[in-house]
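If you read the sequences in order, they're chains P, R, B, H, C and X.
The first sequence finishes on residue 249 if you use my numbering, and the numbering steps up by one all the way, no holes.
The second sequence finishes on residue 498 if you use my numbering, and the numbering steps up by one all the way, no holes.
The third sequence finishes on residue 747 if you use my numbering, and the numbering steps up by one all the way, no holes.
The fourth sequence finishes on residue 996 if you use my numbering, and the numbering steps up by one all the way, no holes.
The fifth sequence finishes on residue 1245 if you use my numbering, and the numbering steps up by one all the way, no holes.
The sixth sequence finishes on residue 1494 if you use my numbering, and the numbering steps up by one all the way, no holes.
Protein chains: 6
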Amino acid sequence: MRILLVNGNTSDEVTETLAGVARDAAGPDTEITWATGAFGVRLIGHRAEASLAEHAVLERIAEHADTVDGVLIGVSGDTALRAARAMVDVPVVGMTEAAMLMACMLGGRFGLITFSTPSTPLYRELVESHGLMARLAGMRTIDVTFAQAFGERDSMTAPILEAADALIGEDGAETLIVVGAAGAGLAANLQPRVPVPLLDGITCGVLLVEALIRLGAPKPTRGSYALPPGNLVKGLSAVLTDRLKAHDS
Amino acid sequence: MRILLVNGNTSDEVTETLAGVARDAAGPDTEITWATGAFGVRLIGHRAEASLAEHAVLERIAEHADTVDGVLIGVSGDTALRAARAMVDVPVVGMTEAAMLMACMLGGRFGLITFSTPSTPLYRELVESHGLMARLAGMRTIDVTFAQAFGERDSMTAPILEAADALIGEDGAETLIVVGAAGAGLAANLQPRVPVPLLDGITCGVLLVEALIRLGAPKPTRGSYALPPGNLVKGLSAVLTDRLKAHDS
Amino acid sequence: MRILLVNGNTSDEVTETLAGVARDAAGPDTEITWATGAFGVRLIGHRAEASLAEHAVLERIAEHADTVDGVLIGVSGDTALRAARAMVDVPVVGMTEAAMLMACMLGGRFGLITFSTPSTPLYRELVESHGLMARLAGMRTIDVTFAQAFGERDSMTAPILEAADALIGEDGAETLIVVGAAGAGLAANLQPRVPVPLLDGITCGVLLVEALIRLGAPKPTRGSYALPPGNLVKGLSAVLTDRLKAHDS
Amino acid sequence: MRILLVNGNTSDEVTETLAGVARDAAGPDTEITWATGAFGVRLIGHRAEASLAEHAVLERIAEHADTVDGVLIGVSGDTALRAARAMVDVPVVGMTEAAMLMACMLGGRFGLITFSTPSTPLYRELVESHGLMARLAGMRTIDVTFAQAFGERDSMTAPILEAADALIGEDGAETLIVVGAAGAGLAANLQPRVPVPLLDGITCGVLLVEALIRLGAPKPTRGSYALPPGNLVKGLSAVLTDRLKAHDS
Amino acid sequence: MRILLVNGNTSDEVTETLAGVARDAAGPDTEITWATGAFGVRLIGHRAEASLAEHAVLERIAEHADTVDGVLIGVSGDTALRAARAMVDVPVVGMTEAAMLMACMLGGRFGLITFSTPSTPLYRELVESHGLMARLAGMRTIDVTFAQAFGERDSMTAPILEAADALIGEDGAETLIVVGAAGAGLAANLQPRVPVPLLDGITCGVLLVEALIRLGAPKPTRGSYALPPGNLVKGLSAVLTDRLKAHDS
Amino acid sequence: MRILLVNGNTSDEVTETLAGVARDAAGPDTEITWATGAFGVRLIGHRAEASLAEHAVLERIAEHADTVDGVLIGVSGDTALRAARAMVDVPVVGMTEAAMLMACMLGGRFGLITFSTPSTPLYRELVESHGLMARLAGMRTIDVTFAQAFGERDSMTAPILEAADALIGEDGAETLIVVGAAGAGLAANLQPRVPVPLLDGITCGVLLVEALIRLGAPKPTRGSYALPPGNLVKGLSAVLTDRLKAHDS
C-alpha cells in the first residue's frame, strides 16, 4: 500500500525528517511518499499561518490522492484534516489525532508536550475539536527555536524529561505525546528514560492509516464526509478545481 | 468608523446582499466596505470548500485591515475567524459567532436554522468551537438551492416558520438564528411571524464590531492572538507575505 | 437612548463610581440613569446577601423600566439578570455577562480577577450558569477591604498585575476581566501595564446594552422570557405588583 | 428532631398539601413545622416570581432556623437553597435537589415531569446548577391550571402516565421525578402504575434532611458556605438584619 | 431494619473497622450485618484487583440480600455497585457514592483525599461514572502502607490536614471526603481540626441506605435496573446461579 | 504475531463466530487464538452478568497473556478492559472501544446500533467511560433473541437498515457501529446497503491490536496501568494468583 505524508510547512528538511520516521514505522509492504506545502511558512506557529496551510495541504492532497491508498497529515495541528477526509476517497488521518487515539488505547489520560507557548492554546482547541477533552490530563510547553528543534535536538532532552515528569506526577498523565515535527524521532530516543509510553504522531499515524486502509470502509455517500457535490469554482489550481467543480459544468 | 465585510464565497451578488443588510444595521457614522473572495467557490457548502476559503478570507483581510477599524466575516462558518483575529490589530467578528453571542444576551438557549443537510454537522462543530454547546437548544435544516436562497426567497418562508416552531416547541429554543447569507435579510422580514427573537449574523455582527471598536481594547502582545512573530514566507500574495514575514528578513 | 444602571448594593458611592464609568463608555446619544438598591447590604459578599439583592434589583428595575430603553445590572453576580430580562420588555444585560461575552469576541479563554476568597465559588457558578465554562481559563482572587476597593485603589495595583501575570502565564488566559465594582475604573488605568485586554463589566455592559437596543429584537411571547402571565400577588411594592399581577384581577 | 418546611409561594393551601406529604415521610421522632412566604405570588411560575421568592424564603428561614434542626425548601426551583444553606447553621435541602440525588442512588438517568411549558427551561437550568446534567435523561411537560394541580388531580393521571412512558421508552429514564408541589402526593398514588421509581421532592427531602441532621457535619468556617461575615444592613426585617449585620456594629 | 455491609477485600480486620463505624452511624432500630469477600486480595489497589472484586462482592450480596433491607458496599471504588443494584430488590449504595451525594447537599464542590498514587486515576473515573465531575474540586493523595492505614493511623494526621488545607485553599473544595476504609473512623477524629465538613463513606452510606429503605421505592420492572431476565448459567456459586438463571430452566 | 480473542460469555458458538470474523480481518502473519469464559452466562445482557464476566475474562487473559502479543476483548461491553490492560504487559483493546476509535478517524459523530433495550444504558455508560460522548450522535436498539442473533440473522436486516437510516437522518451520525457479537459478520454483509461506514468491533479490534503490537510502546512502570504491585491473594486460580501476589510472598 502507498501512503502520502503531507507536510503543510514549506520546509523540505522538516518533511524529510518526518518521512524518515514514517518509513521506520511503516509495514514491509507500505511505501511512504511525501509532499511539502507549495506556499506558506517554514514552520507553522501562528494562527494565520495554520489557517493558510489548509489550502496548501489540500492542494497537495488533491494532486496525489488518486495514486495513494491513504494520507497522513504531517502537521501537528492536523491541518485541513476534516476537509481532506471529505474531499478524497482514501482514508486521511492527522498526526496528532493519531497519537491521541493511540494513547486512548494505552489507557488513562494523556499529556501533551508542545514547543511554543503562543501556539499552545491551539493544541487545546485541537483536543476539543476531536472531542477528547475528557482524556487530556494536561499540557506542558518547552519553547524551542527552529534550530534547536531540527538541529540541536540534544538540548531538548532535559526539558522534555522534566515536562514528562510534571505531566505524570502533577497532572496524572498515563501516556505522553511529543507534539509535532519535533516529536517525530525524539520520542523513540527518549522513551527509555520515561516510565510511561511516549508517542509521536508520525509513527502512530502511519500505523493507523495502514489499519484504515486494511479496514476498507467505503466512502460515505451521505453526510458531511461525502465527496464535494460540485460547485462553481474560481481561481484554484487545476487539481483542486477538478475535485470541487460541478461534474457537468 | 469603517467596517470591512468579507465574503469568503466568490459570488459578488451574495456579498451585495450581505452589504445591504450590513448598511441597514450600521450606525450613522459607520461606513461599510466589502470584499469578495478572489478564489474558491460560489457558495461554500462542503468541508473542503470551507477550508480553502480560509486563505481567500485572510488575503482579503490582509489587503484592507490597515484602512478599516474592524472586520466582520460574512461567511456562516466564521471562516478564518481566529486566524484573522490574530493576524490584524483591529477587532474581527464572525457572523454566526455574533448571532450566537447576541442570542446569549436575549436569554436561554438558541436554535439554529440551517440550509443544507450535508453541511449541518459543520455548524454543530462551530458551536462547539465557540464553547457554546450549553446554549444550543437544537438545529433544524431546510435544504434549499442557490436559486431559492438568493432569488425565490418566498419559497423559504413556510419551511422556516415550521423549523422555528419545532425549535421552540420541541427543542426549547428561546431565540432563533437564521444561519448564513440566507438569513441576512430574511430574518427581519419573518420576525413578525415568529414569537421569539429571530437573528441574522450580519445585523448582529455589525452591531458587535461597532461595540468592539468603541471598546478599544489593545492588541494582545502575549498569547495566541498576538501578531505573527515573523517567519520565512513562500508563495503568498504580497499583502499576506508582508504580514507574516520576519520583519528583518 | 436611555440606559438604567442598577446597583443591587445599598451604597450610593458605589453606584456613583459605576455611573461614572458607564458615562465614559456610553455613546454621545446615550443617557445613563442609575438606581441603588433600597434594601440589602452595603457591598454583597455572602450568598444570602446576593440572594436578597434579587428582590431589590427587580424592584428598582420595575420602577424605571418604562422610562428607559435598556438596563445594565451593575452587580458582579449579574443579580436577578434572568428574572429582570423576563419581567420587562427592554434589553437587560449583566455586567459580568457583558465582560465575558466581549472577552469571547477578543478570542481564546478568559481569566477572572476577583476580590474576595469566600465569594469566589459564586463566580465559578456564574460562569457555569452562562454556559461559558469552556471559555474560562482560571480565576485568581485578591482579598481587599471595602476601604481598599473604593478608597485606596493604588494598593490594589501590584496584586492585580500579579494575578494577571499568573492567569496569562499559568492558566493560559488570553483576555482578563476585573470583576465587579472594583474593576470599574481600575481596568482602564491598569490596561497599559497588561499584555492582553483587561475588561471591566460596566464598560462592556454599556456597549452591549446599546447594541441590543439598536438590534431591536422583539419581546418574546413564548418561552421563559415572555412577560409574567399574571398571578395573585401579595405584599410586594406597587410597581412589582403591577408587573406580576393578573391583568384582570 | 424538628424540620422546617418552607413554601416560597404565598398560598397556605399549597403549604398544607406539602406538609401532609412531609409528615407521612417523616420518622416517628421528627416534627414537621412549616411556613408560607409572607409576600410574593400564589404559585411561582415566572422567572421574576422565582427571583422575588428568594427573599421571602430567606426571611422565613431566618425566623425559624434557631428552633429547628434542619430545613426543607418546599419550592420546586429549590429557591434560595444555596443562600439559606450558607446563612444558617442547620442543614438545608431543596425538594428537587433531594429527588434528584435520591434518583441517583436508585440508578441510571432520571426524567423530570414538569407542569408548565414556560417554566420548563428553569428546571433544566436547575439540573445544570446542581451539576447533574449527566444524569438527566429528559423532561416532559404537562400544562395544568392551578385548579387542576390542587383540586382536580385525577385529570392529571393520564398525561402523567403518558409522560412517564415517553421518558422511559424514548429518553431512557430509569427513575422519574414528578416535580413540584403537584408531585407531592401524586407520586405515591401513581407509583403502582409506573414500572420505575416515581419520586416526589417532599418525601425525598424529608428523608435526606433527617439523614443530614443525623450526620451532624459541622458548619463550615471557611468558604462560601460559612456564616455571613457581618455587613452594613439596610431595610431588611429584624431577623434577616440580625443574621447579616456586622456583630459589632 | 437490617443493612448488609459488604467488604470486597478479603481482610476481616478491615471489615470489622468498617462495621464499627457503620454501627456508630446507624439508627437505633438498624442492625448492621457484614460480609467479607471470599476471594481476592487483602486491600484492593490495582485495577485488576478491583475488577475481580466485582465477583466477590456480588456473591456475598447474593447470599445475604434476601435477609436484609438494604446493602452498603464498603469498598472505596463502589465495586459492583450498579450490578448489585440491578441484581437484588433492596436498595444498594456505594460508600464513595454516598459520601459524594452527601457532600452535594452540604454545598459547593468537594475534594477527595485518597491514599495511593497508582489508584488515584480510578477515583477520578469513579466520579465521572457517577456524573459528578462538575462537583469535584480536586483530589490529593497521601501514600500510606497497609500498616499505617490500619495500625498507625496517627502518622496520617499531619498529611491529611495538609491535604485538606490544599484542597480548600487551592482547589476551592467546600467539603472533603476521606476516601475508603482509611477514611472510616479517621474523618470523625480529624473533623475538629478541619474548617469544612470531612466525610467518610461508611457513615454517609449507612444514613443514605436507611433513607432509601424508608423511601420504599419499588424495584423497577423496566430498564437496566430490572431483575436479571434469566439466562443459561455456568460455573457460578449456587446463590448467584439462582439469581441469574432462567426461572423455568 | 499472535492475538488472543477473549469472549466473556460462556458460549463457544459465539466465540467461534467472533473468531471467524477476527481471522478474516487479521493480517497474513497474524494468528488468532481464542478463549471462552469458564463461568458466567451464555450471552451477557444484565448488569450483574457483565460484572461477573470481569473475573472470567481476566482469568482467561491471565492464562494466555504470556504466549500472545496482544489481546482483543470480544465482549461488547469491553468487559474488564482497563483491568486487563493494567494486569498484563501486552496491548489489550476492547471491541467496542476499537469500533468507536476507528469511527473517530472516519470523521464526525458515530451512531450505535444495539440489540437489547434493557442493556442499552450500559452502552451509553461505556461511551462515557471512554470519554467519547462528544462523538456520539445517538443509539438505536433492536430487540432480538439469541436465536435471531446467532441463527436467523436475515430477520435482523430490515430493522438494522431502518435503525441506520434513523441514526443518519435524524441523529446526524456519519459512521455506524453494529454493537457486539451480533455485529461481527453482519456489518460487512450489510455495508453495501448503508451510505456511511458500518463498523463491527471485532474487525476494528484486530486491526488496532495489530497496530498497537507494531507500535511497541513499553509497559508503564508508573501510574494505574503499571503491573500489580503484589498483594496477599486468596481463593483465586493459580494463574491469577501468580499475577497478583506479592513476588516475595
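Cβ coordinates follow ideal geometry from the N, Cα and C atoms, glycine included.
Model, not experiment: these values are computed from the prediction.
query = Ordered along the chain, which non-local residues of its own chain (more than five positions away) have a Cβ less than 7 Å from that of Gly-784 of chain H?
reply = Asn-754, Gly-755, Asn-756, Thr-757, Ala-800, Ala-803, Val-804, Arg-807
query = Roughly how many angstroms separate the alpha carbons of Gly-319 of chain R and Ala-1418 of chain X, rounded to a whole number?
reply = 38 Å
query = Does Glu-1261 of chain X get closer than 8 Å to chain P when you measure Cβ to Cβ?
reply = no
4-residue-minimum alpha helix (DSSP H) runs that sit fully inside the segment 682-734 of chain B, ordered along the chain = 699-713
inquiry  = Can you confirm whether His-295 of chain R, when its beta carbon is compared against all beta carbons of chain P, has any partner nearer than 8 Å?
reply    = yes
ask   = Shorter than 8 Å from the beta carbon of Gly-27 of chain P to some beta carbon of chain C?
value = Not an interface residue.
Arg-1136 of chain C vs Ile-1109 of chain C beta-carbon contact at 8 Å = yes
request  = Excluding the 5 residues preceding and the 5 following Gly-948 of chain H in the sequence, name in chain order all residues of the same chain whose CB lies nearer than 6 Å to its CB.
outcome  = Met-842, Thr-843, Ala-845, Ala-846
ask   = Which residues in chain B sit within 8 Å of Gly-1104 of chain C, going by Cβ to Cβ distance?
value = Pro-619
ask   = Cα-Cα, which of C:Ala-1061, C:Ser-1047, C:Glu-1045 is closest to Met-997 of chain C?
value = C:Ala-1061
task = Verify the CB distance criterion: does Glu-419 of chain R have a CB-CB separation below 8 Å to chain H?
result = no
inquiry  = Could you tell me the alpha carbon to alpha carbon distance between Leu-516 of chain B and Ala-679 of chain B, rounded to whole angstroms?
reply    = 7 Å
Interface partners of Arg-135 of chain P on chain X, CB under 9 Å = His-1375, Gly-1376, Leu-1377
inquiry  = Which runs of the beta strand (DSSP E) at least 3 residues long sit entirely within the segment 791-855 of chain H? Give them in chain order.
reply    = 817-820, 839-841
message = If I measure Cβ to Cβ from Val-75 of chain P and keep anything under 6 Å in the same chain, skipping five residues before and after, which residues do I get?
response = The beta carbon of Val-75 of chain P sits closer than 6 Å to those of Gly-8, all from its chain and outside the five residues before and after it, given in chain order.
query = Given a threshold of 16 other Cβ atoms within 10 Å of its Cβ, counted over all protein chains shown, does Arg-442 of chain R qualify as buried or as exposed?
reply = exposed
inquiry  = Pop quiz: Leu-1452 of chain X and Ala-1270 of chain X are said to be a contact at Cβ under 8 Å. What is the actual Cβ separation, rounded to whole angstroms?
reply    = 6 Å
request  = Establish whether the CB of Glu-1308 of chain X and some CB of chain R are separated by less than 8 Å.
outcome  = No, Glu-1308 of chain X does not count as interfacial toward chain R.
task = Between the Cα of Asp-1416 of chain X and those of R:Val-270, R:Pro-367, R:Glu-265, R:Ile-409, spot the shortest distance and give me the residue it belongs to.
result = Here the closest residue by C-alpha is R:Pro-367.
task = State yes or no: is the beta carbon of Thr-612 of chain B nearer than 8 Å to at least one beta carbon in chain H?
result = no
Any chain B beta carbon closer than 8 Å to Lys-966 of chain H = Lys-966 of chain H does not count as touching chain B.
query = Alpha carbon to alpha carbon, how far is Ala-1159 of chain C from Ile-1138 of chain C?
reply = 8 Å
inquiry  = Below 9 Å on C-beta distance, what does Glu-502 of chain R contact in chain H?
reply    = Lying outside 250 to 498, the shown extent of chain R, residue 502 of chain R is not represented and no answer is given.
request  = Per DSSP, which residues does Asn-258 of chain R bridge with? Please list them.
outcome  = DSSP, once it has assigned bridges, lists no residue as partnering Asn-258 of chain R.
request  = Over the uninterrupted beta strand (DSSP E) stretch that includes Arg-1239 of chain C, give me the two end residues.
outcome  = Unbroken run through Arg-1239 of chain C is the alpha helix (DSSP H), 1234-1240; no beta strand (DSSP E).
key: His-247 of chain P classed as buried or exposed, judged by whether at least 16 other C-beta atoms fall within 10 angstroms   = exposed
task = Would you mind giving the Cβ-Cβ distance between Leu-1077 of chain C and Leu-1001 of chain C, rounded to the nearest angstrom? I have them listed as a contact below 8 Å.
result = By a beta-carbon distance limit of 8 Å, Leu-1077 of chain C does not contact Leu-1001 of chain C. Their separation comes to about 14 Å.
request  = Quick one: residues in its chain with C-beta nearer than 6 Å to the C-beta of Val-41 of chain P, no 5 flanking neighbours on either side, listed in chain order?
outcome  = The residues are Glu-49.
inquiry  = Please confirm whether Glu-1027 of chain C has its beta-carbon closer than 8 Å to some beta-carbon of chain B.
reply    = no
Val-1140 of chain C in three-state terms, based on DSSP = coil
inquiry  = Classify Asn-1434 of chain X: buried if its beta carbon has 16 or more other beta carbons within 10 angstroms, exposed otherwise.
reply    = exposed
query = By DSSP, does Glu-529 of chain B sit in helix, in strand, or in coil?
reply = strand
key: Below-8 Å beta-carbon distance, Ala-581 of chain B vs any chain R residue   = no
ask   = Who are the near neighbours of Leu-122 of chain P in its chain, counting only those whose CB is closer than 8 Å to its CB and skipping five residues on each side?
value = The answer, listed in chain order, is Arg-47, Ala-50, Gly-77.
key: Buried/exposed call for Ala-894 of chain H, threshold 16 Cβ in 10 Å   = When all chains shown are included, Ala-894 of chain H counts as exposed.
Contact list for Leu-457 of chain R against chain B, beta-carbon separation under 7 Å = Met-603, Ala-709
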